[in-house]
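Read through the structure below, which is laid out as structure tokens, and then see the notes.
Structure below.
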């Protein structure tokens, strides 16, 4: 029987319910039955319905082979309660349904569940802090425009890199990254990675972003032991000591070094019952109510195991630290019990793996409002979690590295050059004003030429520049703006007037050599020793 995999997305549990109802109604064999000397056409017995539906669910990739006959009966009870089926008298609305030979039929129409509607929430876009972000509370209206002053120093600073010169610079630290900034980055990037893993355009229908606590994410990443288990700051949120002792006893069964522990026949069953009773009375499932849709959505990725593990890793980071710690300890105990060949049977009629899934699935995943398939979905999730819990409960390294690099980048210093904005003495703030089309055309045609001509005159008249430096800068200007340069120096003679040649000094005669031209040579004393 074909039951195609349903991918991740909003309202996945409701979609699976409607699809299962449609398949059950369309494909279960109906035949003629006799009851109390009467014939009934197009009916089915409870046993036939359980057999058919159990095969459908166990063969479905959405639920898996771990579905039990008991869970199938529970689902048929919900079918009766929701008027998907009715008895021969047309009664429905209660879960009075047993696995026997009673006859049932379909009503004229089986109601499908409508998709829940959430009030539209404005999408909250978390912006990463950047270098030039204004302080919080700064209005974005009427932002003053800083006028550009084009002087020779600014122009040559901008053009010097093109000819191979690097201007002097200094390092300036950016504004300090606050704790709130870091929390925003962790929350935003984590949700972005989750959305990408699920392949969704938005998380709006899957997760209430406002309920995501960035402090939980950071704590779950960094406050961990060597074994990767979360360490709680508030010890009052730890599991009770007697629950921890019971879980440790089952996880390490049998432990030869722990012979002081009291033992009797059936002791392990009592220990397991103690743990099951504690988790059965939790007020909220470990994966929390508000994350139910997110985890159910990830179940649609189980055919792509690596993608499913990555998405689960991110979802588990969103849990409160105490919930994540309890889940880690519980899954470790469950996995060890299932692998322990020396563990006595904890329940007659069930294997250890099936028992673990059936006992703790609703304590791990459950919705606040009863969802008709939540038991099957919880069993599917717990089964996958047991098989991959060591990988799933690790911190996703790619996400952690990406966020840490982002934070480190924002903490780096910024390079500032002399004459940059921070070094200019700013005049009074000015604002943009609208100009006429004629004025715009004039400024476009002549405005830049006038500024460049003024810049050239400033270079020419700069008395602080040596002739060598002035010639070098004029050469740069001529190469960049030949038209402006040609207008200022139309002929070579006009350019030569700027640097008049200095008269060369005549070489001085060696007068000392002519004072005694005919004096005989005198032998001097040798310098040799």
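Numbering (UniProt numbering), first residue to last: 1 to 529. Where a beta carbon is used, it is the ideal one built from N, C-alpha and C, also for glycine.
Inset, instruction - Check residue 38 in the structure and name its three-state DSSP category. - result: As a first step, residue 38 must be located in the chain shown, where it is residue number 38. Here residue 38 sits in strand by DSSP.
Legend entry - Three-state class that DSSP yields for residue 406 in the structure shown: Taking the first residue of the chain shown as position 1, residue 406 is located at position 406. Residue state, collapsed to three classes: helix.
Inset, instruction - Can you give me the Cβ contacts of residue 182 inside the same chain, cut-off strictly under 7 Å, excluding the 5 residues immediately before and after it? - result: Translated into positions along the chain shown, residue 182 becomes position 182. Same-chain partners within the cutoff: 407.
Legend entry - Local conformation of residue 440 per DSSP, three classes: Taking the chain shown and counting its residues from 1, the one referred to as residue 440 is at position 440. Residue state, collapsed to three classes: helix.
Legend entry - Environment of residue 234 [buried if 16+ CB atoms lie within 10 Å]: Indexing the chain shown from 1 puts residue 234 at position 234. By the 10 Å Cβ count, residue 234 comes out exposed.
Legend entry - Three-pair Cβ contact test at 8 Å for the region 229–246 versus the region 314–329: yes
Legend entry - Sequence-distant residues of its chain with Cβ nearer than 7 Å to residue 58 (five each side left out): Taking the chain shown and counting its residues from 1, one reaches residue 58 at position 58. So the qualifying residues of the chain are 65 and 67.
Inset, instruction - Just mark residue 14 as buried or exposed, buried being the case when its beta carbon has 16 or more other beta carbons within 10 Å. - result: Residue 14 sits at position 14 when you count from the first residue of the chain shown. When all chains shown are included, residue 14 counts as buried.
Legend entry - Alpha carbon of residue 21 to alpha carbon of residue 112, nearest angstrom: Sequence index remark: in the chain shown, residue 21 carries index 21 (1-based). Sequence index remark: in the chain shown, residue 112 carries index 112 (1-based). The straight-line gap from Cα to Cα measures roughly 8 Å.
Inset, instruction - Select from 17, 72 and 38 the residue whose C-alpha is nearest the C-alpha of residue 54. - result: Numbered from its first residue, the chain shown carries residue 54 at position 54. Of the listed residues, the one whose Cα sits closest to residue 54 is 72.
Legend entry - For residue 400, the nearest candidate out of 46, 439 and 189 (CA to CA): For this step, residue 400 is matched to residue 400 along the chain shown. Ranking 46, 439 and 189 by Cα distance to residue 400 puts 189 first.
Inset, instruction - Give the secondary structure of residue 14 by DSSP, where H, G and I count as helix, E and B as strand, and everything else as coil. - result: Start at 1 with the first residue of the chain shown, and residue 14 comes out as number 14. Note: residue 14 maps to helix in three-state DSSP.
Inset, instruction - Please name the residue in 290, 316, 241 and 274 whose C-alpha comes closest to that of residue 368. - result: As a position in the chain shown, residue 368 is number 368, starting the count at 1. It is 290 whose Cα lies nearest to the Cα of residue 368.
Legend entry - Inter-stretch contact at 8 Å, needing at least 3 Cβ pairs: the region 325–332 / the region 304–315: no
Inset, instruction - Report the three-state DSSP secondary structure of residue 84 (helix, strand or coil). - result: The sequence position of residue 84 within the chain shown is 84, counting from 1. Of the three classes helix, strand and coil, the one that applies to residue 84 here is coil, per DSSP.
Legend entry - Three-state secondary structure (DSSP) of residue 31: Translated into positions along the chain shown, residue 31 becomes position 31. Note: residue 31 maps to strand in three-state DSSP.
Inset, instruction - Please state if the CB of residue 402 and the CB of residue 264 are separated by a distance shorter than 9 Å. - result: To locate residue 264, count along the chain shown from 1; it is residue 264. To locate residue 402, count along the chain shown from 1; it is residue 402. It is not a contact, given that the beta carbons lie outside the stated cut-off.
Legend entry - Same chain only: Cβ atoms within 8 Å of residue 220, ignoring 5 sequence neighbours per side: Residue numbering aside, residue 220 sits at position 220 when the chain shown is read from its first letter. Result list for residue 220: 230, 316, 317, 319, 321, 324 and 395, in chain order.
Legend entry - Minimum length 4: unbroken alpha helix (DSSP H) runs contained in the region 192–253: 214–222 and 241–251
Inset, instruction - To the nearest angstrom, report how far apart residue 296 and residue 362 are at their CA atoms. - result: Here residue 296 corresponds to residue number 296 of the chain shown, with the count starting at 1. Here residue 362 corresponds to residue number 362 of the chain shown, with the count starting at 1. Answer to the nearest angstrom: the Cα atoms are 13 Å apart.
Inset, instruction - Quick one: using the 10 Å Cβ neighbour count with 16 as the cut-off for buried, is residue 374 buried or exposed? - result: What you label residue 374 is simply residue 374 of the chain shown in a count that begins at 1. Answer is buried; the Cβ neighbour count reaches 16.
Legend entry - Cα-Cα separation, residue 346 to residue 293: By 1-based counting over the chain shown, the position of residue 346 is 346. By 1-based counting over the chain shown, the position of residue 293 is 293. For residue 346 and residue 293, the distance between alpha carbons rounds to 32 Å.
Legend entry - Contact check, residue 484 vs residue 465, beta carbons under 9 Å: Stepping through the chain shown from its first residue, residue 484 is reached at position 484. Stepping through the chain shown from its first residue, residue 465 is reached at position 465. Their beta carbons are not under 9 Å apart, which means residue 484 does not touch residue 465 by this criterion.
Inset, instruction - Could you work out which residue in 452, 303, 389 and 38 is closest to residue 336 when comparing CA atoms only? - result: Within the chain shown, numbered from 1, the residue matching residue 336 stands at position 336. When only C-alpha atoms are compared, the closest one is 389.
Legend entry - Distance, residue 205 Cα to residue 52 Cα: One-based indexing of the chain shown puts residue 52 at position 52. One-based indexing of the chain shown puts residue 205 at position 205. Taking the straight line joining both Cα atoms gives about 33 Å.
Inset, instruction - Measure the CB-CB distance between residue 268 and residue 343 and report whether it falls below 9 Å. - result: Here residue 268 corresponds to residue number 268 of the chain shown, with the count starting at 1. Here residue 343 corresponds to residue number 343 of the chain shown, with the count starting at 1. Taking 9 Å as the Cβ cut-off, residue 268 and residue 343 qualify as a contacting pair.
Inset, instruction - Go through its chain and collect everything with a Cβ distance to residue 280's Cβ below 7 Å, but skip five positions before and after it. - result: Start at 1 with the first residue of the chain shown, and residue 280 comes out as number 280. Here the set comprises 363.
Legend entry - 9 Å Cβ cutoff met for residue 250 and residue 271: Counting from 1 along the chain shown, the entry for residue 250 is found at position 250. Counting from 1 along the chain shown, the entry for residue 271 is found at position 271. Yes, Cβ-Cβ distance for residue 250 and residue 271 is below 9 Å.
Legend entry - Start and end residues, alpha helix (DSSP H) containing residue 103: Numbered from 1 along the chain shown, position 103 holds the residue referred to as residue 103. That residue, residue 103, is in no alpha helix (DSSP H); its beta strand (DSSP E) goes 103–105.
Inset, instruction - Return the CA-CA distance between residue 47 and residue 339, expressed in angstroms with no decimal places. - result: To locate residue 47, count along the chain shown from 1; it is residue 47. To locate residue 339, count along the chain shown from 1; it is residue 339. Approximately 34 Å, taken between the alpha carbons.
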